[in-house]
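Below: the structure, in structure tokens.
Numbering (the numbering used here), first residue to last: 121 to 754.
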């Protein structure tokens, strides 16, 4: 309870003495209430909380010294001032007893008027100063108790702990009570590599009571935390250091941010070096091809014409590579500026995956990988930009092919999760990813660690670009790897639009306008554009063509149109070309049809599998026209 700063309780059983003291106090401007015994005095102190009690020692019920003890013993009235008064015959021992009982001062009769008022004013001034000090201490404690930093106060020179804020338990993970028992116990949590240095500074506290340092501690969560520790000298009016104030702040978040900034700076420098390398790679063959074009003269000879054609191919391919690099860089810039615009529509994931496979197919074939695609029997539809989705999946397939040693395996699988999401997993048995790299591979310019026998490849922007594109679609990209040399799995998750039964692909036939061989050819490929272009080309050459992208229709169409040749893609969704070939060869009505595999799988193992399945010829995409015609005619 807060004391009334002007209220004085005058306690005396002598009416005349009580009246005289009350008149003097009222004349000095104080508000005065009276009590004639100890019981009433204690009740009024509890109820009114006066600033000061003028208390006579001799009372009829309770001794004045006992009344003083009870006032000072109660938490609600311990700060109430007590001025003890007594008769003229009071001895020195009585005064000592009164002061030891808690009285703030002791006056013996006869008490002069000015002496009484001077004592009251002095006690009230002291009371005011103490109240202000208590308020200041309370404000300090409220601040110290509610900030995240640890505030400490130590005595000098012995280093005794005077105060520590509750934040110590949060930052250090030990109780304040344990610190009071062992004031230097906080050193136990300091990182072993920092402990000697920090301990040495602490032992020099009396000589150098100020410092600003950063060190590591073992936090309560088991992690290593960084703290900033500052010491300030507290001086008395004579300028002497008698205490040391200490503030300890957890700066782990700042340190982690600094580490991220340093990593970003390293990634940027590595990116610039890699970009220069990636740009020089195609520039070298372009320069050589240009020199070759200049050296072959007018190109009249057959050898010169072939060299010129080869040079043009090299230039075209390397310029395409440069354009791809620039496109990726521009996409990164557009995403950073929020300028990527999706052209969304209802998209069949099977078609998107087919387009992605077509994009990455040349690299997969060149490196001799086996690609296995497993799609649900039903069509899976999402809402998205088909170009951007194919770009994203193509990037993942390209990475799988690039970071898998020659002759590896790449699996693509699609599954619907909880009827609301669809997951596309791209799995390889390549070089894998170290656990500490998994968390940063989606950051811009990040390069994963590669085995010593491999040079870093790419700009380090592909996965970041894919991740951002998928986020724009309401999806996300995750990565898993058991470790180096154990392969990787990248999983795309997108909101599901719907699942529907597969629709029969429309039958397309091209009938030649003029002669030609008239040979009937059935084209089967899930890449409709590629299939359509081949149909146009074969029609111009005099073939009659039919086409479908649905493997389930092949036998029915073959029975209906009786083709002499079926040109069949291997990587079909739902069922692969090997199984289709086996079914056709087992059907007596179709077994005589010539089967030509037209696929991105070109390794010797793929050719062997094709022959075992019943294919008569094997062409690797994109097939040269003479090779295609020879395969058709056998």
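Quick reminder that beta carbons are idealized off the backbone N, C-alpha and C, glycines included.
Coarse secondary structure for residue 461, derived from DSSP in three states: coil
Nearest to residue 266 (by Cα), restricted to the options 562, 248, 712, 289: 289
Residue 177 versus residue 139 - alpha carbon distance: 16 Å
Segment limits, beta strand (DSSP E) that includes residue 606: From DSSP, residue 606 is part of no beta strand (DSSP E); its letter is neither H nor E.
Coarse secondary structure for residue 330, derived from DSSP in three states: coil
Beta carbon of residue 242 nearer than 8 Å to that of residue 201: no
Beta carbon proximity, residue 489 to chain D, threshold 8 Å: Absent here is chain D; the protein component of the structure consists of one chain.
First through last residue of the alpha helix (DSSP H) which encompasses residue 501: Unbroken run through residue 501 is the beta strand (DSSP E), 499-504; no alpha helix (DSSP H).
CA nearest to the CA of residue 521, picked from 227, 720, 334, 356: 720
Straight-line Cα distance separating residue 156 from residue 147: 21 Å
Delimiting residues of the alpha helix (DSSP H) encompassing residue 724: 724-733
Which of helix, strand or coil DSSP assigns to residue 171: strand
Nearest residue (CA-CA) to residue 645, options 679, 684, 689: 689
Cβ shell of residue 351 (< 7 Å), same chain only, five flanking positions each side left out: 329, 330, 331, 364, 366
Runs of beta strand (DSSP E) wholly within the stretch 127-203 (minimum 3 residues, chain order): 151-155, 170-176
Inter-stretch contact at 8 Å, needing at least 3 Cβ pairs: the stretch 354-361 / the stretch 377-387: no
CA-to-CA distance, residue 680 to residue 632, given in whole angstroms: The pLDDT assigned to residue 632 is 41, lower than 50, so where the model puts this residue is not dependable; a value taken from the coordinates is nonetheless given after this. Those two C-alpha atoms are separated by around 19 Å.
Enclosing beta strand (DSSP E) for residue 318 [first to last residue]: No beta strand (DSSP E) contains residue 318, which is instead part of the alpha helix (DSSP H) from 312-323.
Closest Cα partner of residue 724 within the set 488, 657, 639, 716: 488
Where residue 337 sits in the DSSP three-state scheme: strand
Residue range of the beta strand (DSSP E) that includes residue 227: 225-228
Best match in 362, 672, 304 for proximity to residue 498 [C-alpha to C-alpha]: 672
N-terminal and C-terminal residue of the alpha helix (DSSP H) that residue 479 is part of: 469-486
Identity of the residue in 468, 754, 317, 450 nearest residue 617 by Cα: 468
Where residue 280 sits in the DSSP three-state scheme: coil
Neighbour-count burial assignment, residue 507, 16 or more Cβ in a 10 Å radius: exposed
Three-state secondary structure (DSSP) of residue 737: strand
Contact check, residue 544 vs residue 513, beta carbons under 8 Å: yes
Straight-line Cα distance separating residue 486 from residue 722: 8 Å
Separation of residue 195 from residue 259, as counted between CA atoms: 20 Å
Through-space distance from residue 280 to residue 274, alpha-carbon basis: 5 Å
Residue burial classification, residue 263 (beta-carbon count within 10 angstroms, cutoff 16): exposed
Residue span of the alpha helix (DSSP H) that contains residue 526, given as start and end: Premise fails: residue 526 is in no alpha helix (DSSP H) and is neither H nor E.
Simplified DSSP assignment, three categories, for residue 218: helix
Buried or exposed (CB count within 10 angstroms, at least 16 for buried), residue 250: exposed
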